[in-house]
Each structure stands twice: as C-alpha cells, then as structure tokens.
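Here's the structure, in structure tokens; my notes come after.
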Amino acid sequence: MTERFTLAANVLLSRRLQNLLRIDENVEIDMNYITCAEYQLFIDEKLKAGEHRQPDHWTSYRFPPGDAKKPITGVRASDAEEFCEWLTQQHSALGFKYRLPTLNEVEEYPVTEKQVGCWCFDGEQRIIAGIETGQKQTWQQKLAEVLVLYLNHDLNRDLYRDLYRDLYRVLNRDLYRDLYRDLYRDLNRVLDRDLYRVLDRDLNRDRDRDLYRD
C-alpha cells in the first residue's frame with residue numbers, strides 16, 4: 006500500500022471513531038460497516054508479522070479494485086474480534102475498548118445496509134445478524150448448488166459431515182435450521198436419481214473388483 010492510501014484510510018477510520026452513536030452512558034455504536042479500505046490497514050499491519058487476515062474469497066492481500074468504500078465482507082468471527090482488539094490498541098488514546106456488538110444492540114440499532122450482516126454476540130455464541138430475507142435465500146441457493154456439485158463428485162460422508170459442521174458454526178442456529186431443512190427437502194427431490202446412480206456405480210465397481218479377485 007502507498008503512504009497516500011494509508012494516510013487516507015487512517016483519516017476515514019479516525020473520523021468514524023469520532024462519530025459513533027451514544028446509546029447509553031458507557032457505550033457508543035457505529036451505525037455503518039467498516040469499509041474495505043479501513044480493514045486493509047488491519048490486514049497490512051498483520052501481514053508485517055507474517056499473519057494473514059484477508060477474507061478467504063480475496064485473490065490477493067488487497068481488496069478488489071473499486072471496493073475501497075464498500076463494506077468489508079467474508080471476515081471470520083475470530084478475525085472480527087481480533088480487528089476490535091487491534092482497533093483498541095491503535096486508538097487507545099480515545100479511552101475506548103472496541104468489541105463486537107451484542108445481538109440486542111444490532112436489533113435495536115440496525116444499519117441501513119441489509120445485504121451484509123455483522124458478527125455479534127448472542128450470549129457466549131458468535132452469530133451473524135442483520136441480513137435481510139432475500140440475502141438469506143440467495144445463500145440458500147448457493148449452498149444448494151455447492152452441495153449438488155460435491156454430491157455429484159462422490160462426496161463421502163465424512164466431507165459432508167464436515168460441511169454440515171462448518172455451516173452450523175458460521176451461521177446462527179435458527180438461520181441454519183431453516184436453511185438445512187429447505188436444503189434437505191430440495192436435495193431429496195433433485196438428487197435421488199443422481200445419488201442412486203453414483204451408489205449403483207460404486208457398488209458395481211466394488212462387486213466387479215471382488216469377482217476379479219476371487
């Protein structure tokens with residue numbers, strides 16, 4: 006990153022932190038999502054120490070061209086928490102400790118952007134909140150496509166179990182329950198013949214191998 010970019014991103018971040026919404030005597034909340042440019046400061050700082058904090062869907066260490074002012078997406082829950090810790094260290098002079106919001110705070114003070122969710126705490130559990138129904142349906146469709154692709158390539162039960170577990174970890178329980186129910190119904194309807202064909206082929210292959218060995 007150039008010095009000019011770093012300076013501009015730091016100015017944006019500083020202005021953000023000076024314009025938080027006070028919601029009670031001890032808490033202020035940001036009503037907008039962190040941008041790619043601001044999050045890039047955190048990525049660059051960690052990269053100096055050999056740590057990689059860029060979102061998994063990025064193809065490089067830098068945000069895609071034209072996305073500087075867009076909300077950062079694809080951040081892991083652990084990285085979101087670490088960003089808050091980094092923010093506290095970088096701006097401790099202001100006297101604040103930064104953290105993820107609670108679910109109640111997200112619901113009581115919603116942001117205008119509904120295509121992106123945010124990590125928050127529901128008790129001790131980290132969940133994603135603030136996503137509109139249409140976006141959830143898009144996720145459902147994407148997940149169904151991924152599952153179809155994997156199953157058509159002989160996805161074994163262990164990998165399917167891992168995928169199930171990872172989805173449960175990333176999405177909150179209620180959202181995941183709805184997604185999984187719909188996915189299960191759709192997959193049963195669409196994949197019966199494909200699954201039968203794969204299983205039949207595998208059984209025939211194993212049977213032929215046994216016959217040949219005998």
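In my numbering, the protein residues as written are 6 to 219.
Using N, Cα and C, we set each Cβ at its ideal position, and we do this for glycine too.
Can you tell me the Cβ-Cβ gap for P76 and E118, rounded? I've got them flagged as a contact below 8 angstroms.
Position 71 of the sequence shown, counting from 1, holds the residue named residue 76. Position 113 of the sequence shown, counting from 1, holds the residue named residue 118. With a Cβ gap of about 6 angstroms, P76 and E118 count as contacting.
Less than 7 angstroms separating the Cβ of L52 from some heavy atom of the ligand FAD?
Summarising the ligand content, the structure contains no ligands, and the ligand FAD is consequently not present.
What is the DSSP secondary structure of Y73, reduced to helix, strand or coil?
Residue 73 sits at position 68 when you count from the first residue of the sequence shown. It should be noted that the sequence gives Ala, not Tyr, for residue 73. In this structure, A73 counts as coil in the three-state DSSP scheme.
Please go through the same chain and pick out, in chain order, the residues whose beta-carbon is closer than 7 angstroms to the beta-carbon of I34, but skip the five residues on each side of it.
By one-based count along the sequence shown, residue 34 stands at place 29. Within the same chain, I34 has close Cβ partners L25, L26, I28, P106, E110 and Y114.
Ends of the beta strand (DSSP E) at F68?
Numbered from its first residue, the sequence shown carries residue 68 at position 63. Segment: none, F68 is in no beta strand (DSSP E) and carries neither H nor E.
Whole-number beta carbon distance between A14 and L52, since they are thought to touch under 8 angstroms
The residue labelled residue 52 in the question sits at position 47 within the sequence shown. The residue labelled residue 14 in the question sits at position 9 within the sequence shown. Not quite, the Cβ-Cβ distance comes to about 15 angstroms (not below 8 angstroms), so this is no contact.
N- and C-terminal bounds of the beta strand (DSSP E) containing Q130:
By one-based count along the sequence shown, residue 130 stands at place 125. From DSSP, the beta strand (DSSP E) with Q130 extends over Q130 to A134.
In this structure, how does DSSP classify R81 when only helix, strand and coil are distinguished?
Along the sequence shown, read from residue 1 onward, the residue named residue 81 stands at position 76. In this structure, R81 counts as coil in the three-state DSSP scheme.
So, for D84: in the same chain, excluding its five sequence neighbours on each side, which residues have a beta-carbon less than 7 angstroms away from its beta-carbon?
Locating residue 84 in the sequence shown gives position 79, counting from the first residue. Same-chain partners within the cutoff: R58.
8 angstroms is my cut-off, CB to CB: does W144 come that close to chain D?
The structure shown has no chain D; it contains just one protein chain.
What is the rounded straight-line gap between the Cα of W63 and the Cα of F101?
Position 58 of the sequence shown holds residue 63. Position 96 of the sequence shown holds residue 101. Those two C-alpha atoms are separated by around 31 angstroms.
With a Cβ-Cβ cutoff of 8 angstroms, do D72 and C123 count as a contact?
In the sequence shown, residue 72 corresponds to position 67, counting from 1. In the sequence shown, residue 123 corresponds to position 118, counting from 1. C123 is positioned such that its CB atom lies no closer than 8 angstroms to that of D72.
Taking the alpha carbon of G128 as the point to measure from, which residue in E137, L108, Q146 and H96 has its own alpha carbon closest?
Counted from its first residue, the sequence shown places residue 128 at position 123. Among E137, L108, Q146 and H96, the Cα nearest to that of G128 is on L108.
If you draw a straight line from the C-alpha of Q130 to the C-alpha of A82, how long is it?
Within the sequence shown, the letter at position 125 stands for residue 130. Within the sequence shown, the letter at position 77 stands for residue 82. Rounded to the nearest angstrom, the two C-alpha atoms are 10 angstroms apart.
Among the candidates D49, M36 and G79, whose CA atom is the shortest distance from the CA of Y66?
One-based indexing of the sequence shown puts residue 66 at position 61. Answer by Cα proximity: D49.
Look at the alpha carbon of L12 and the alpha carbon of S19, and state the distance between them as a whole number of angstroms.
Sequence index remark: in the sequence shown, residue 12 carries index 7 (1-based). Sequence index remark: in the sequence shown, residue 19 carries index 14 (1-based). Put simply, the backbone Cα of L12 is about 11 angstroms away from that of S19.
Give me the Cβ distance between C125 and I136, rounded to the nearest whole Å; I'm assuming they're in contact under 8 angstroms.
Counting from 1 along the sequence shown, the entry for residue 125 is found at position 120. Counting from 1 along the sequence shown, the entry for residue 136 is found at position 131. With a Cβ gap of about 12 angstroms, C125 and I136 do not count as contacting.
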